[in-house]
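Novice:
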Amino acid sequence: MKYIKPFISEIPWNYSWHYRAMSLFERQDGEQERYLQANNREFNTRFGYPNNTIKTSRYNVFNFLPLNLFEQFQRLANAYFLVLLFLQLIPQISSLAWYTTVIPLMVVLSITAVKDAIDDMKRHQNDNHVNNRSVMVLMNGRIKEDKWMNIQVGDIIKLRNNQPVTADILLLSSSEPYSLTYIETAELDGETNLKVKQAIPVTSDLEDNLELLSAFDGKVTCESPNNKLDKFTGILTYKGKDFTLDHDKLLLRGCIIRNTDWCYGLVIYTGPDTKLMQNCGKSTFKRTHMDHLLNVLVVWIFLFLGSMCFILAIGHGIWENKKGYYFQNYLPWKEYVPSSAVSAILVFWSYFIILNTMVPISLYVSVEIIRLGNSCYINWDRKMFYAPKNSPAQARTTTLNEELGQVKYVFSDKTGTLTQNIMVFNKCSINGMFYGHVYDKKGMKVEVSEETEKVDFSYNKLADPKFSFYDKTLVEAVKKGDRWVHLFFLSLSLCHTVMSEEKVEGKLVYQAQSPDEGALVTAARNFGFVFRYRTSETIAVVEMGETRVYQLLAILDFNNVRKRMSIVVRTPEDRVMLFCKGADTILCQLLHPSCRFLRDVTMEHLDDFAIEGLRTLMVAYRELDNSFFQAWSKKHSEACLSLENREHKMSSVYEEIEKDMMLLGATAIEDKLQDGVPETVATLNKAQIKMWVLTGDKQETAVNIAYACNIFEEEMDGMFIVEGKNNETVLQELRSARDKMKPESLLESDPVNIYLTSKPQMLRIPEEVPNGNYGLIINGCSLAYALEGNLELELVRTACMCKGVICCRMTPLQKAQVVEMVKRYKKVVTLAIGDGANDVSMIKAAHIGVGISGQEGMQAMLNSDYAFSQFRYLQRLLLVHGRWSYNRMCKFLSYFFYKNFAFTLVHFWYAFFSGFSAQTVYDTWFITFYNLVYTSLPVLGLSLFDQDVNETWSLRFPELYEPGQHNLYFNKKEFVKCLVHGIYSSFILFFIPMGTIYNSVRSDGKEISDYQSFSLIVQTSLLWVVTMQIALETTYWTMISHIFTWGSLGFYFCILFFLYSDGLCLMFPNVFQFLGVARNTLNLPQMWLSIVLSVILCILPVIGYQFLKPLFWPVNVDKIMDRIHLSTKLPLPPPTRTKLKYASCRHSAYAFSHKQGFGALITSGKILRSRVSKKNSFLFKK
């Protein structure tokens, strides 16, 4: 983007800073750094920064027509008809009227343009909805309400609690102490845990004083717009001093303000420059593989057409030279034809026009109608309607339906797509007792359902009404005062970094850094140990109705190495207690030897939790001697103040106190999957669709979900983890994995290696089959190396051999790069599905983008091709709608090309009997109506209503989906079959009628071997043949199919008598020239016998092929179809329920916190309000 250079004389402040800014722009065309001043629109607008409008649409009023026409003429067929139109305007070669091409071309372009306009108008409506949101902006010393789209760089805006951030803003001040602001970044990175941003001290003093904020004239120098969500560098110049700015000072568009009454921010990036939009990628015009294939076939047909015209032109030249030259008295040459060679050249173009129906323009009209119809089926599908949100499935584009039936790779986000992002306290083990199972009156364990009676928490006025638990024995243990149960829940209510908000008395709202912590603290709350509030030095817990305040002595915060968190408190009884929770693999090593038996029992319970796919966590405590703690505290303070190896020293100090702990028990948290996700993944696996999970979450989280979703299975032959920190290590790990999956793939003699060596310019890698089922896990750091240079080829070969792939800790850009990599190296159709703004780039990169309207905003849906509310609908979208759309489109194209080859190539045979004179076989009106009227409805009926099997069988046998992945039903080979079949049919359709009427007479002795009678017999035979052909292709007959198929044939005879009627021919003799031909010819027995013979000879090979193919060349689908046909004669068997399998290994929930906790901020007091709150402060209320 090139920005405008303002005049230095017009700038009233800090000339040196401004000169530095302007000199840079004098040297560079693009933006290298951004310069702005707060509250100075006049200056900022001169740089040409965009406003805050976002645009996901492709067109506007001015560019719609040229841009849409440009896109449509990228279809070679449309360009072909445009050239044909110009040829028809030349009278010397035009054998058909110009309007026979203009009108269909206009209709095709108009229908497509209207459809594209409607699609884009929906995008405009969504954009307008976002752009017209309201926000408070500081203008002329007053706060006024304005629209998002009117916000500009340098404005100061005010945001309130639970409000989305309007643009990328520099945090100036907030209602919280130290100007802290809590945000949720789910729409950016998929993480729902709370994050903290803090303003620099010099601006935090502005608070909400409008006079000070209006006078604020800070100047910001920062980096140019980019897509790095976790990086920002800049300098604020204010009152003659420079202040460093980093990512922790920036609130990004797409974040949600949480737990903060208000905050003010200076707008840095707007609209397309925001990091959210920078990660969205470019909107590209997606075209299906079928569209690309049609382009290739159009070229083939063009060459075939040219060769036929060349042959006929040579034939014309020879005929004119040997015979026509001597008949000039009867057939005089035109004055512009001096020789037979010139005449042959003109006839070449005449035949080019006559034979243009080899690629009929109605093909593209029909394709658009079919796609529109199949899109409507998706929109109307009640089984993809999500009642809780009143949300139907949406086909936001109508051009990709058949592509849905060819998907080989699905790239899925995790949070909010596979999971509900809701953590539920499910079970626990306390002092060796298992809690969480439900038993009936007979003592038999029962499954929890909606009818299962919930535990009554009415005794606890502070309980969360949304919390559900079903095992009453745990509540009874709490009420009885079981010491270990009380200590267990006390540990959960103290050992955390959760923030509490109580705006209304008794209505607690917890803001947790991770959903796991929120679930554990909520569980303790409901069982009678309510975390009420905290200060930097105390924690208040309501224990069974009594408020007790614990002195906070130390927080030993979580990190990825420790995989645990501890807290040291002094009880009201003056006892020093340490409570710890963490991964079982870590805590088991830190327990007192006396806990060995309890540990073994608890480990058995943990194994039971793991079998159910639950996320586990161990809880322990230790009572500390006061003198020991004082000595330890001194060491802890020294480690905190150390300037060298601080983290290592603190870790060593932590280990001194986190030992010899007493085991309390373990927790089991369910990371709730969306309904039907495991079953959906299992069904997609049977359809040979590979699932890759691309997520920003940690590795442990992603792997746990992968097992729960059936992407990974316990029976897998191997699991590979790529976590190298450099090129060499990553390469070694990838090759080691490939060596185990397919050892010969590393040899030079391997066919794929030979192929890649012999054809280095060919990027497509053939499919490689491993010797078992494997899984691959790779993190974002290693992926950064793997996506570079030669490693990319290693990555795609290794990953594509695996049954499932998990890519974790990924940036949005890396998600798109992985999708692009598979598209580049594999000749497959890819689908990306996600629900957050961090998924938009991969949704746009994939052949098909699916957005889920879920927990993380609407950005993914707004940029998707298809949208719905639940992941489980994906199997229906692909296996039902996708497969039907693909099958219908393939049948349509095969039949359409066949009927037009049969129709057009009759002219080729006729040329040998007409002196190669470019005379048409058919009546002009038949040529006009053939594709538009006579054969349009039957093929549309086939393409809109046909089903080889119903939806139940489509889902019961996912293997039926496989032919689409290999594009077996319509490809270049199938096209050649259509061509050969068309040539054969045209031969029959010409020579059978020719032999029938040759030297034939009626019963009264009159000859019937005239041109018009012959034309009528040929065209009637043609319609009967193509009608019978489509009847054979139709597998699902409806009343509409019967009306369309047989009604069109009957309509032909009605039109025939009308067009050949005496009245019409006498009124317009130059237009309607077949006077009385219909009634004179249709009563001839020779004609009907000719039609019957033509139909039999044309249809017999088709019937024979359809009968013999499954017998001699069966494929897997044929065997399944036989099973289905056999099953239809028997009662429908009940569907087999997918058995969910989980890994036997445990997956610790606490290892899943996304980053280091709030421990340091809590103990520093920065994160907390003082007990004497400001006005309007409700965060921590006793």
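Those letters in the sequence shown? Residues 1012 to 2193, per our numbering, in order. All residues carry an ideal CB built from backbone N, CA and C; glycine is no exception.
Where does residue 1863 sit, in a helix, a strand or coil, going by DSSP?
Specialist: Residue 1863: strand per DSSP, three-state reduction.
Novice: Using 8 Å as the Cβ pair cut-off and three pairs as the minimum, do the stretch 1182–1191 and the stretch 1148–1164 touch?
Specialist: Segments in contact, no.
Novice: I'd like to know if the stretch 1637–1646 and the stretch 1598–1605 are in contact, where contact means that at least 3 CB-CB pairs between them fall below 8 Å.
Specialist: Flag = no, the stretch 1637–1646 and the stretch 1598–1605 do not touch.
Novice: Look at the Cβ atom of residue 1396, then the Cβ atom of residue 1505, and state whether they are nearer than 8 Å.
Specialist: No, they are not a contact pair.
Novice: Run the CB neighbour count on residue 1251, radius 10 Å, all protein chains shown included, and call it buried at 16 or more, exposed below.
Specialist: Answer is exposed; the Cβ neighbour count stays below 16.
Novice: How would you label residue 2048, buried or exposed, when you count the other beta carbons within 10 angstroms and need 16 or more for buried?
Specialist: Looking at its Cβ environment, which holds fewer than 16 other Cβ atoms inside 10 Å, residue 2048 is exposed.
Novice: Is the distance from the Cβ of residue 1860 to the Cβ of residue 1876 below 8 Å?
Specialist: Yes, the Cβ-Cβ distance between residue 1860 and residue 1876 is below 8 Å.
Novice: With residue 1330 as the anchor, note down where its alpha helix (DSSP H) starts and where it stops.
Specialist: Taken as a continuous stretch (DSSP letters only), the alpha helix (DSSP H) holding residue 1330 covers 1300–1333.
Novice: Rounded to whole angstroms, what is the Cα-Cα separation between residue 1719 and residue 1615?
Specialist: Computed Cα separation, rounded: 20 Å.
Novice: Looking at the strands, I want to know which residues DSSP matches up with residue 1046.
Specialist: In the DSSP output, where bridge partners are listed per residue, residue 1046 has 1232.
Novice: When the distance is taken between beta carbons, is residue 2135 closer than 8 Å to residue 1968?
Specialist: Result yes, Cβ atoms of residue 1968 and residue 2135 sit closer than 8 Å.
Novice: Hey, out of 1804, 1139, 1265, 1228, whose CA is closest to residue 1194's CA?
Specialist: Nearest of 1804, 1139, 1265, 1228 to residue 1194, Cα basis: 1265.
Novice: Which first and last residues belong to the beta strand (DSSP E) in which residue 1565 is found?
Specialist: Residues 1557–1567.
Novice: Figure out for me which residue from 1538, 2139, 1208 has the closest Cα to the Cα of residue 1189.
Specialist: Of 1538, 2139, 1208, the residue nearest in Cα terms is 1208.
Novice: Taking the DSSP output, what are the residues bridged to residue 1206?
Specialist: According to DSSP, which records beta bridges pairwise, residue 1206 is partnered with 1194.
Novice: Note the first and the last residue of the continuous beta strand (DSSP E) segment covering residue 1431.
Specialist: Note, residue 1431: beta strand (DSSP E), 1430–1441.
Novice: With respect to the beta strand (DSSP E) encompassing residue 1938, which residues constitute its N-terminal and C-terminal limits?
Specialist: Not the beta strand (DSSP E): residue 1938 falls in the alpha helix (DSSP H), residues 1935–1940.
Novice: Considering only DSSP beta bridges, list what residue 1470 is partnered with.
Specialist: Beta-bridge pairing links residue 1470 to no other residue.
Novice: Within the same chain, show all residues whose beta-carbon is closer than 7 Å to that of residue 978, passing over the 5 residues directly before and after it, in chain order.
Specialist: There is simply no residue 978 to check, as the chain begins at 1012 and stops at 2193 in what is shown.
Novice: Contact defined as beta carbons within less than 8 Å: I believe residue 1936 pairs with residue 2070. What is the distance between those atoms, to the nearest angstrom?
Specialist: At roughly 5 Å, the Cβ-Cβ gap stays under 8 Å, so residue 1936 and residue 2070 are in contact.
Novice: Give every residue of the same chain whose Cβ lies closer than 7 Å to the Cβ of residue 1962, excluding the five residues on either side of it in the sequence, and list them in chain order.
Specialist: If we look at residue 1962 and ignore the five residues flanking it on each side, its Cβ neighbours are 1891.
Novice: With H, G and I counted as helix, E and B as strand and the rest as coil, what does DSSP make of residue 1704?
Specialist: It is a strand residue.
Novice: Do the stretch 1806–1818 and the stretch 1781–1790 make contact, defined as three or more Cβ pairs closer than 8 Å?
Specialist: Flag = yes, the stretch 1806–1818 and the stretch 1781–1790 touch.
Novice: Using only alpha-carbon positions, find the residue among 1794, 1441, 1761 that is nearest to residue 1778.
Specialist: Among 1794, 1441, 1761, the Cα nearest to that of residue 1778 is on 1761.
Novice: Going by the beta-carbon positions, is the gap between residue 1863 and residue 1882 smaller than 8 Å?
Specialist: For residue 1863 and residue 1882, yes; Cβs fall inside 8 Å.
Novice: With a floor of 4 residues, list each alpha helix (DSSP H) that falls wholly inside the stretch 1080–1138, ordered by position along the chain.
Specialist: Listed in chain order, the complete alpha helix (DSSP H) runs (minimum 4 residues) inside the stretch 1080–1138 are 1087–1099.
Novice: Does DSSP put residue 2127 in a helix, in a strand, or in coil?
Specialist: Residue state, collapsed to three classes: helix.
Novice: Short of 6 Å in beta carbon distance, which residues of its chain neighbour residue 1500, apart from the five on each side in sequence? Order them along the chain.
Specialist: Cβ neighbours of residue 1500 beyond the five flanking positions: 1535, 1538, 1540.
Novice: Using a Cβ-Cβ cutoff of less than 6 Å, which residues in the same chain neighbour residue 1355 once the five nearest sequence positions on both sides are dropped?
Specialist: Result list for residue 1355: 1324, 1327, 1328, in chain order.
Novice: What residue range is occupied by the uninterrupted beta strand (DSSP E) comprising residue 1579?
Specialist: First-last of the beta strand (DSSP E) with residue 1579: 1575–1581.
Novice: Going straight from the alpha carbon of residue 1263 to that of residue 1652, what length do you get?
Specialist: Rounded to the nearest angstrom, the two C-alpha atoms are 33 Å apart.
Novice: Kindly indicate which three-state DSSP category residue 1754 falls into: helix, strand or coil?
Specialist: Residue 1754 falls in the helix class under three-state DSSP.
Novice: Going by DSSP, name the residue or residues bridged to residue 1632.
Specialist: In DSSP, residue 1632 forms a bridge with 1590, 1673.
Novice: Across which residues does DSSP place residue 1843 in a beta bridge pair?
Specialist: According to DSSP, residue 1843 bridges with 1422, 1860.
Novice: In the DSSP assignment, the alpha helix (DSSP H) including residue 1710 goes from what residue to what residue?
Specialist: It spans 1710–1719 - the alpha helix (DSSP H) in which residue 1710 sits, taken as one unbroken run.
Novice: For residue 1393, count the other beta carbons within 10 Å of its own beta carbon; 16 or more makes it buried, fewer makes it exposed. Which is it?
Specialist: Classification for residue 1393: exposed.
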